[in-house]
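In my numbering, the protein residues as written are -13 to 246.
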């Protein structure tokens, strides 16, 4: 590939800074579907427009802030419409941390944070149906776009201090640890395909034909059930990743899959 600049018609005499002109042109090209296969690298943009790397970084940084492109650690930018959150199987993870690890801004719209009773959640936690539970429901956003509807129940006797937390941009487990000293030590999780109800489909802005995953998590602290979580996440923006090795191999809990 040639390193010669093609100088793609940026106006050096314009009062509009070069980075702003570059931002506008790249945004227009992205909207026209030009970068569907791949977003150009930093050096490719430098060569194409005849500008400095600092100019490119400023323009691409603004595109990231706009949600037009995203970039994870060690990855070249890609269109925001291609964003996908990877979750590890067999690990205790935080959706908040996974979104930010993908190079995306994480934010939540808190739909409910209160104390209530819930017979189904109490049953999962091995508690009587009248047990007061802290309930948190959030619409999880990644780069400003809906990703998941997340609902979590936790015994009030343990999670009461969380009732004053602003969960718009913080992780549940981080706040749980800092305010109560409680950290999950393990759990079990079921992931299966679902048809979202009308409310969930509307919140997630699911296009026709796009499926969703349901993630049901039971969290433990030293063998005690303390967390029941139900998350509905867009199937086009979420994937699960499993690791295997020659030593431990790769194992699936087939009975759990069958029961699900």
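Glycine included, every Cβ here is placed at the ideal spot set by N, Cα and C.
Taking C-beta atoms under 8 Å as the contact rule, residue 203 and residue 211 fail to qualify, at a distance of about 11 Å. Under the three-state reduction of DSSP output, residue 119 falls in the strand class.
For residue 204, the uninterrupted beta strand (DSSP E) run begins and ends at 198 to 207, by DSSP. When secondary structure is reduced to three states using DSSP, residue 15 falls in the helix class.
In the DSSP annotation of this structure, the continuous segment of the beta strand (DSSP E) that includes residue 140 starts and ends at 131 to 141.
By the Cβ-count criterion, residue 154 is exposed, with fewer than 16 other Cβ atoms from all chains shown falling within 10 Å of its own Cβ.
Straight across, the Cα-Cα distance linking residue 207 with residue 55 is about 39 Å.
Annotation: residue 133 to residue 115 spans about 31 Å, alpha carbon to alpha carbon. No Cβ-Cβ contact shorter than 8 Å links residue 151 with residue 142.
Contact check for residue 182 against residue 218 passes: the beta carbons are separated by less than 8 Å. Sixteen is the threshold: when 16 or more other Cβ atoms of the shown chains lie within 10 Å of the Cβ of residue 136, as they do, the residue is buried. Going by C-alpha positions, residue 29 is about 7 Å away from residue 39. Excluding sequence positions up to five before and after residue 147, its CB lies within less than 6 Å of the CB of 165 and 166, all in the same chain and listed in chain order. Secondary-structure assignment with DSSP links residue 100 through a beta bridge to 121. Between residue 12 and residue 41, the gap from beta carbon to beta carbon reaches 8 Å or more.
Residue 130 has its alpha-carbon roughly 29 Å from the corresponding atom of residue 35.
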